[in-house]
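With the sequence shown counted from 1, adding 22 to any position gets you our numbering.
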Amino acid sequence: MSERFPFSIPHGWFQIAYGDELGTGDVLSLHYFDRDLVLFRAESGEVALLDAFCPHLGAHLGHGGVVDGDRIRCPFHAWEFDTRGVCRKVPYAKKVPPKAKVAPWHCVERNQIIWAWHHGKGASPTWEIPEVTEVSSDDWTALDRHSWTVRTHNQEIGENAVDRAHFRYVHGATKVPESELQLDGHIRRAVQHLDMHTPRGEVKGKITVEAHGMGCTITRFTGICETVLLLSHTPIDGGSVDSRFSFTQRRADQGSGVAAAVINEVVRQMDQDIPIWEHKEYLPKPMLCDGDGPIAEYRKWASQFYC
Ligand code: FES
Ligand SMILES: [Fe+2]
């Protein structure tokens, strides 16, 4: 738990990389969930995420570790660990110490993104990241990616979506947008009707938001230019988050300027939110009014992601 927020790192699926950032045999050193981690791609193509430190004498496998087959070899004394973190070989010993193991993490590659499951007590995943068919369709554009590192917590970012009034006062929407919120287990859905600024002036759009926990949100824009936006927010530690937005748009809608305007508008809104998030205080008991969105409902939903 950080000093700034009264909650820990949430559990759920979180983006740790794009698939194409990790070629076959590549090794990445990562720091997420307040942990040092190593991500590698075995020669079979399988992706593996392990705790970073070798149980032998503590070398960081992400700094000099080398992939050999389906194993990563420690740079210090060449012990080899498989994709589940089990030590399979000590090249200078007759016997592998039976308990030699690095903690493995659940990870999955889906929608061209590598996701890791984090749970404060180490529990296994209780849901899956859905397949977004547009991402692999030839009728849709390659992912257009944007990223930020933000000094905040996932809970604050999620709250922004139900904070109706800020759309007007931070983002300049002409009126406070109406939205219908549905909470269904780990999924939070919202449908929002919003005016968008485009080169053709203000256009009426519909936005369907589907958040799968606190780390993965799939947003669909219709009415202007068909757009699917994958938003991911990954805790680096208790007080900072890597946010990545990945857009795909129907190719048929490209070229008019509207498609680019939709992306620019979403990115502009993120840039407007960040200074508020980075400097605000989290109030456990905010002073709400009748025009505010369903903030209390959102907070109750969010509470399921903590141990
Ligand atoms: S520290 Fe990893 S093999 Fe020795
Ligand atoms: Fe916002």
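Quick reminder that beta carbons are idealized off the backbone N, C-alpha and C, glycines included.
Nearest residue (CA-CA) to residue i, options the options
i       : options                            : result
Val-89  : Asp-48, Ile-285, Tyr-40            : Asp-48
Tyr-54  : Thr-46, Leu-165, Pro-32, Asn-133   : Pro-32
Glu-300 : Ile-179, Asp-58, Ala-115           : Ile-179
Trp-162 : Gly-45, Arg-272, Ala-39            : Arg-272
Arg-132 : Pro-308, Ala-39, Pro-297           : Ala-39
Arg-63  : Arg-93, Cys-247, His-82, Leu-83    : Arg-93
Gln-134 : Ala-274, Pro-152, His-141          : Pro-152
Arg-26  : Val-280, Asp-259, Ser-265, Phe-327 : Asp-259
Val-184 : Thr-174, Ser-159, Glu-200          : Glu-200
Leu-205 : Lys-322, Gly-86, Pro-306           : Lys-322
Pro-306 : Gly-84, Glu-150, Pro-28            : Pro-28
Gly-194 : Glu-224, Glu-65, Leu-83            : Glu-224
Ser-66  : Leu-44, Phe-189, Gly-84            : Leu-44
Val-288 : Leu-79, Arg-266, Lys-302           : Arg-266
Ala-145 : Trp-101, Gly-245, Gly-107, Gly-34  : Gly-34
Trp-113 : Asn-286, Trp-101, Asn-176, Arg-190 : Looking at the sequence itself, residue 113 is Pro, so the reference to Trp does not match. Of the listed residues, the one whose Cα sits closest to Pro-113 is Trp-101.
Ile-296 : Met-23, His-188, Leu-203           : His-188
Gly-245 : Val-280, Lys-117, Val-130          : Val-280
Residue burial classification, residue i (beta-carbon count within 10 angstroms, cutoff 16)
i       : result
Cys-311 : exposed
His-128 : exposed
Thr-249 : buried
Tyr-320 : buried
Gly-237 : buried
Ala-318 : exposed
Ala-138 : buried
Pro-257 : buried
Gln-37  : buried
Asp-264 : buried
His-215 : exposed
Asp-104 : buried
Met-292 : buried
Gln-294 : exposed
Beta bridge counterpart(s) of residue i as assigned by DSSP
i       : result
Trp-170 : Ser-265
Lys-123 : Val-108
Cys-238 : His-234, Ser-254
Glu-202 : Val-213
Lys-228 : His-215, Thr-244
Ile-94  : Val-89, Phe-103
Gln-271 : Thr-249
Arg-132 : Ile-135
Phe-327 : In DSSP, Phe-327 forms no bridge with anything.
Gln-37  : Trp-137
Ser-51  : Val-60
Leu-162 : Looking at the sequence provided, one finds Trp at residue 162 rather than Leu. In DSSP, Trp-162 forms a bridge with Arg-272.
Asp-314 : DSSP output for Asp-314 lists no bridge partner at all.
9 Å Cβ cutoff met for residue i and residue j
i       : j       : result
Arg-167 : Phe-269 : yes
Asp-73  : Ala-125 : yes
Val-213 : Lys-226 : no
Leu-413 : Leu-165 : Residue coverage of the chain in this structure runs from 23 to 329, which leaves residue 413 outside it and unanswerable.
Val-231 : Ile-136 : no
field: Residues near ligand 1, criterion Cβ-heavy atom distance below 7 Å
entry: Cys-76, His-78, Leu-79, Gly-80, Ala-81, Cys-96, Phe-98, His-99, Ala-100, Trp-101
task: Considering only heavy atoms of ligand 3, list every residue whose Cβ is less than 7 Å from one of them, following chain order.
output: No copy of ligand 3 appears in this structure; the ligands present are ligand 1 and ligand 2.
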